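K.L.:
In terms of our numbering, the sequence shown opens at residue 462 and continues consecutively.
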Amino acid sequence: MAAYLLRRLWQMIPTLLGVVLLVFFLFKYFGGDPAEIMGGLNASPEQINAIREQLGLNKPVWEQLWIFIKQIVTFDWGKSWATNESVANLFSSRLPATLTVMLPILILEVSLAIPFALAVAAVRGSLTDRTVMILSTVAVSISLLVYVIVGQYVFAFRLGWFPVQGWTDSVWTNLTTYAPLPIMVAVAVAIAPYTRLYRTFFLDEIGHDYVRTARAKGMTERTILLKHVLRNAMIPIMTNISVALPGVFVGSFLLEVFFSIPGLGREILLAVNRSDYPVIQAFAIYIAFLTMVVNLITDVLYKLVDPRVVLK
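Shown next, in the form of structure tokens:
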């Protein structure tokens with residue numbers, strides 16, 4: 462295991478370097494002139510040259526790349542062009558709000574979808590199964606905006622259970638007052654596609670020979686589902702969760718915008734609209750690194766879930 466971890470960590474270095482080069486040259490040659498973007502339409506050539514000098518854009522390309530690499534290593538991304546706030550401080554201050562909402566969403570989605578999908582797969586072809594699949598298809602076809610509008614109208618405006626918008630510095634107040642409604646909306650949106658997907662994983666396992674052998678040995682259906690089918694289906698389920706996990710640290714853009722949550726997702730959306738390159742570049746690198754780390758952790762968890770998995 463230790464040798465595998467060291468090998469994977471070593472392989473992450475060239476991958477991350479490739480991402481760094483890709484991000485740097487994309488912004489350098491295809492992102493437009495940052496000096497002109499910051500200067501605006503009425504900026505004079507002298508002002509634009511002064512901005513270029515201030516940002517170090519007049520330096521050779523290799524020197525700009527070296528500065529970019531040093532920023533990554535030292536986690537010092539400079540300041541946001543739009544707000545003049547430290548990029549590192551911007552990320553650290555916005556991340557708690559995103560995690561306050563998105564971590565409960567991920568936990569609830571998985572913990573509800575897995576048993577629900579397993580129960581539906583156990584009665585495949587029944588009226589219950591067909592009804593759930595029809596309702597899931599309809600739910601998947603409805604836009605997130607509809608869920609947001611209906612959720613705000615019913616639970617906030619009509620019933621008055623939750624405020625429509627708001628956020629505080631208190632984690633407990635946010636969890637009990639402002640976060641429940643966006644969490645409910647997001648879980649309602651995700652439960653249908655997750656149920657359909659996990660049901661497919663369970664049905665694939667139920668169709669294998671080992672299930673028929675277990676039934677022939679007299680095992681109860683409950684034991685087969687919980688002890689064998691669920692365990693063997695956890696690998697594709699974990700793969701699906703690992704793909705979605707980096708998005709937790711970004712948050713749902715629309716969710717944070719519509720509920721006025723000062724999270725990382727909304728900040729990235731604002732940075733894109735304002736062409737705030739330091740924020741966007743830092744976000745791209747962080748997400749790439751996080752994705753690689755999550756993939757590594759997931760591969761290790763494969764071995765823990767199924768000892769037959771060989772890590773090479």
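Where a beta carbon is used, it is the ideal one built from N, C-alpha and C, also for glycine.
Keep in mind it's a predicted model, so treat the numbers as computed, not measured.
Can you give me the C-alpha to C-alpha distance between E682 and M699, rounded to a whole angstrom?
P.N.:
Rounded to the nearest angstrom, the two C-alpha atoms are 24 angstroms apart.
K.L.:
State the Cα-Cα distance for the pair L516 and L725, rounded to the nearest angstrom.
P.N.:
Going by the C-alpha atoms only, they are around 25 angstroms apart.
K.L.:
Thinking C-beta only, is A463 closer than 9 angstroms to R735?
P.N.:
Their beta carbons are not under 9 angstroms apart, which means R735 does not touch A463 by this criterion.
K.L.:
Got a sec, what are the start and stop residues for the alpha helix (DSSP H) P521 sits in?
P.N.:
P521 -> no alpha helix (DSSP H), and no H or E assigned at all.
K.L.:
Quick one: Cα of L564 to Cα of L526, how far?
P.N.:
Using only the alpha carbons, I get a separation of about 35 angstroms.
K.L.:
Report the option in Q532, T561 and S597 whose CA atom is closest to the CA atom of A651.
P.N.:
Comparing Cα-Cα distances from A651 to each of Q532, T561 and S597, the minimum goes to S597.
K.L.:
For R673, count neighbouring C-beta atoms within 10 Å of its own C-beta (all shown protein chains included) and say buried if the count is 16 or more, exposed if not.
P.N.:
Label assigned to R673: exposed.
K.L.:
Opposite K540 in the DSSP bridges: which residues?
P.N.:
Answer is S547, bridged to K540.
K.L.:
Which same chain residues end up closer than 8 angstroms to F705 when comparing Cβ atoms and leaving out the 5 residues on each side of it in sequence?
P.N.:
The question names Phe, yet the displayed sequence has Ala at residue 705. Same-chain partners within the cutoff: L567.
K.L.:
Three-state secondary structure (DSSP) at V584?
P.N.:
Reduced to three states, the DSSP call for V584 is coil.
K.L.:
Identify the continuous alpha helix (DSSP H) that holds K688 and give its terminal residues.
P.N.:
From DSSP, K688 is part of no alpha helix (DSSP H); its letter is neither H nor E.
K.L.:
Please report the residue range of the alpha helix (DSSP H) in which N734 lies.
P.N.:
Note, N734: alpha helix (DSSP H), L725 to N734.
K.L.:
Taking only three categories from DSSP, how would you classify T759?
P.N.:
Note: T759 maps to helix in three-state DSSP.
K.L.:
With H, G and I counted as helix, E and B as strand and the rest as coil, what does DSSP make of A640?
P.N.:
Three-state result, A640: coil.
K.L.:
Using 8 angstroms for Cβ pairs, my map puts P654 next to V601. What's the rounded Cβ distance?
P.N.:
The pair is a contact, with the Cβ atoms about 5 angstroms apart (cut-off 8 angstroms).
K.L.:
What residue does the alpha helix (DSSP H) around W471 start on, and which one ends it?
P.N.:
It spans A463 to Y490 - the alpha helix (DSSP H) in which W471 sits, taken as one unbroken run.
K.L.:
Scan the stretch 596-664 and note each continuous alpha helix (DSSP H) run of 4 residues or more that stays entirely inside, going in chain order.
P.N.:
Listed in chain order, they are 605-612.
K.L.:
Taking the CB atoms as reference points, tell me whether W628 and I722 lie closer together than 9 angstroms.
P.N.:
Yes, these two residues count as a Cβ contact at 9 angstroms.
K.L.:
Which residue from P495, W523, P521 and E524 puts its Cα closest to that of N510?
P.N.:
Nearest option by C-alpha distance: P495.
K.L.:
Along the chain, where does the alpha helix (DSSP H) containing D670 start, and where does it finish?
P.N.:
Per DSSP, D670 belongs to the alpha helix (DSSP H) from D670 to A677.
K.L.:
Buried or exposed for Y453, going by 16 or more other Cβ atoms inside 10 Å?
P.N.:
With the chain covering only 462 through 773, there is no way to say anything about residue 453.
K.L.:
Measuring CA to CA, which of V718, R555 and N756 is closest to S703?
P.N.:
The residue with the shortest Cα to Cα distance from S703 is N756.
K.L.:
Looking only at its own chain, which residues have a Cβ that is under 7 angstroms from the Cβ of A558, when we skip the five neighbours before and after it?
P.N.:
Correct list, in chain order: W628, I722, P723 and G724.
K.L.:
Under a three-way DSSP split, which group does S554 fall into?
P.N.:
In this structure, S554 counts as helix in the three-state DSSP scheme.
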